[in-house]
Structures are given as structure tokens and as C-alpha cells.
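Asks:
In our numbering, the protein residues as written are -15 to 304.
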């Protein structure tokens, strides 16, 4: 069917008038509004307009149809095969009631977001995050060298995450599963991870236990000093945080299971004899110490004279 120039002019006038009222352009294949024509949709249907201002009606399988939101320009979404204008947004609060802000910065009806299952479902310059089902913005490319570490250039000219072969290739809190980095959560102890998981403390990442299951969690000791830079767990009343190998285990031990008294430390020595009995080193401090000018001074300062020295405190002996 051939459309007459007069009809084309009428359609063009209709399309341009609708455009002034804020219609939605939709883009297919490699065509966009930077040249090569555009598609305009309004209440009368969809029209393809070329660079010369001639507009043609879009038929079945033609320019005037959308199959998903990514076929529409930002600010519009796809409804029943046509692009509908809803406006731009940065967050859900920018949209009217019943609508949310999608990853294109467009208000769409709540629950209408389309989930992707593969990169092929996403537009150029994005890839599918299969964990969330969302198309994630990326970079365009011609070869792998255009992409950053951990990414490669796919046949769509988009940088996508490279398949992983080892957990070390994934970010903290993620492990490699069947070539994909999947989020499992961060941790400082096994207790931070869910059932069937243990904490890889080198990566602060929850990892699946082996085929034989997880080893029993070592609750640690009640009074062992903690030297690791790991925050203690928040334990309820009547329990104490367990410590093993100088680190909090993340387990809260009931006081009833703890020894009656904490183990002795040199700093706990009651007096000089108690310090020596436990193999610790007593430290003596000077009394009534003066410097050559008659001022007061500390006993271990140079040229400091003290009337006598007395037991001050107890400390661990230095390693030989």
C-alpha cells in the first residue's frame, strides 16, 4: 500500500502536533533520535517519521510497536504494545501513587518491571544481573581491552562480568558459583553466616561448607584476651563473648559454662610476691625523686635521684 504525499503531510502534522504535547519516542534496533528518523506514538497510534518530516503509520511488526520498556525512550514505558509517557524520576517518591522509579529513571506501574534472565533481554550498554533480574548499566566496547578488570566485551558490544573460576575473583561477600559471583554476605565469625555456611576470615566472606558439612563452631573461652581487630558480639545478660586464638568467635557463652574465675594475668597481681609467684616481672618506681635543679622527676629519667624505689605494678616478662 502506498501512502499519498497529502496523507503523509497530514500524518506528519498530526505527529508533530502530538510531539509538542509531550509524546514518547520508541527506538528499535540501532535507530534512535540522533538521526535516521524517529517513531512517535499518541492516541491515534504510532508513526515513523523520517529525516524529511514524512511520517508513515506503524503496522503489525513495524516501527510503532514496543515489546518491553527498553523499546521506549526514558520517561515512557511499554503498555499493551505502545509507549506511554509517565515522566522521569530519581527515586520512587518522584512518581505518583501506584508507580515506582525503574533503572531507566522512568516512572512505571508498581509490579510492572520486567525481569531479565540473560544479557539478550537487556538493551545495548547494559547486562543482566541474574541475581536481581535487573539490567545493569555498563560500558560499550569493541574488544576486551575497552573493559575494566573482571569484565569482557560480549558480542553485543557491551562490557559484561567475566566468568569466575575461583572465589578470589569475586568481591568481598561473594563466592564463585558456576562461573558467576553470587552474594553470600560478609562475616567475622562462623556465627555470622547462615546454616550450611562458614566464615572465610581471609576474605570476610560466608562460604558454603564442604560435602561433609560444617565443622562444629568453636565457642572459644570466656576470659581469653582478644587481640584481633574484630568487634565483639552483642551478648545478652548472663553470657560472655567467646574468644579463640585471640579473636572473638561470635558465640555468646552462658556464664554457667564459664570457669568460676577468669585465668590469672600479670596485671591482676595483688602485690610483689603474687607477681613473682606467677612468673611475672615486677616494676619498681622511684619515690621522692629530684633532678639536679631540685625539681621533681620520674625515677627512670637521666640524672634523676630517688630516695628509694618501691613495687609499682606487675607485667608480663619480655620474651628472651
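Think of the CB as a built atom: it goes at the ideal place given N, C-alpha and C, for glycine as much as any other residue.
Please check the pair residue 136 and residue 146, which I expect to be a contact at CB under 8 Å, by giving their CB distance rounded to whole angstroms.
Replies: Confirmed, Cβ separation roughly 5 Å.
Asks: Excluding sequence positions up to five away, which residues of its chain have a Cβ less than 7 Å from the Cβ of residue 266?
Replies: 256, 259, 260, 295, 298.
Asks: Just how far apart, CA to CA, sit residue 132 and residue 162?
Replies: Using only the alpha carbons, I get a separation of about 22 Å.
Asks: Leaving out five residues on either side along the sequence, give the residues of the same chain with a beta carbon under 6 Å from the beta carbon of residue 301.
Replies: 265
Asks: Per DSSP, residue 72 forms a beta bridge with which residues?
Replies: The bridge partners DSSP lists for residue 72 are 90.
Asks: Counting only runs of 3+ residues fully inside the segment 165 to 205, write out the beta strand (DSSP E) ranges in chain order.
Replies: 181 to 184, 189 to 192
Asks: Just to confirm, is the Cβ distance from residue 250 to residue 270 under 9 Å?
Replies: no
Asks: Is the beta carbon of residue 122 less than 9 Å from the beta carbon of residue 110?
Replies: Result yes, Cβ atoms of residue 122 and residue 110 sit closer than 9 Å.
Asks: Could you check what DSSP says for residue 104 in three-state terms: helix, strand or coil?
Replies: helix
Asks: Would you call residue 233 buried or exposed, if buried means 16 or more other Cβ atoms sit within 10 Å of its Cβ?
Replies: buried
Asks: Roughly how many angstroms lie between the CA atoms of residue 292 and residue 274, to the nearest whole one?
Replies: 12 Å
Asks: Could you compute how far the alpha carbon of residue 209 sits from the alpha carbon of residue 174?
Replies: Here the alpha carbons of residue 174 and residue 209 stand approximately 19 Å from one another.
Asks: Could you tell me the alpha carbon to alpha carbon distance between residue 76 and residue 61, rounded to whole angstroms?
Replies: Linking residue 76 to residue 61 through their CA atoms gives a straight-line distance of about 15 Å.
Asks: For residue 104, count the other beta carbons within 10 Å of its own beta carbon; 16 or more makes it buried, fewer makes it exposed. Which is it?
Replies: With fewer than 16 Cβ atoms within 10 Å of its Cβ, residue 104 is classed as exposed.
Asks: Quick one: what's got a C-beta closer than 6 Å to residue 180's C-beta in the same chain, skipping five residues either side?
Replies: 193
Asks: Nearest-angstrom Cα distance between residue 117 and residue 226?
Replies: 40 Å
Asks: Count the other CB atoms, across all protein chains shown, that sit within 10 Å of the CB of residue 70; report buried if there are 16 or more and exposed otherwise.
Replies: buried
Asks: How long is the line joining the alpha carbons of residue 239 and residue 224, rounded to whole angstroms?
Replies: One C-alpha to the other measures close to 6 Å.
Asks: Closer than 8 Å by C-beta to residue 215: which residues in its own chain qualify, once you throw out the five before and the five after it? Chain order, please.
Replies: 172, 232
Asks: By alpha-carbon positions, which one of 228, 152, 268 ends up nearest to residue 212?
Replies: 228
Asks: So residue 136 is in the beta strand (DSSP E); what residue range does that whole segment cover?
Replies: Where residue 136 is concerned, the enclosing beta strand (DSSP E) stretches over 135 to 137.
Asks: CB-CB under 6 Å to residue 88, same chain, minus the five flanking residues each way: which ones, in chain order?
Replies: Excluding positions up to five away in sequence, the list reads 58.
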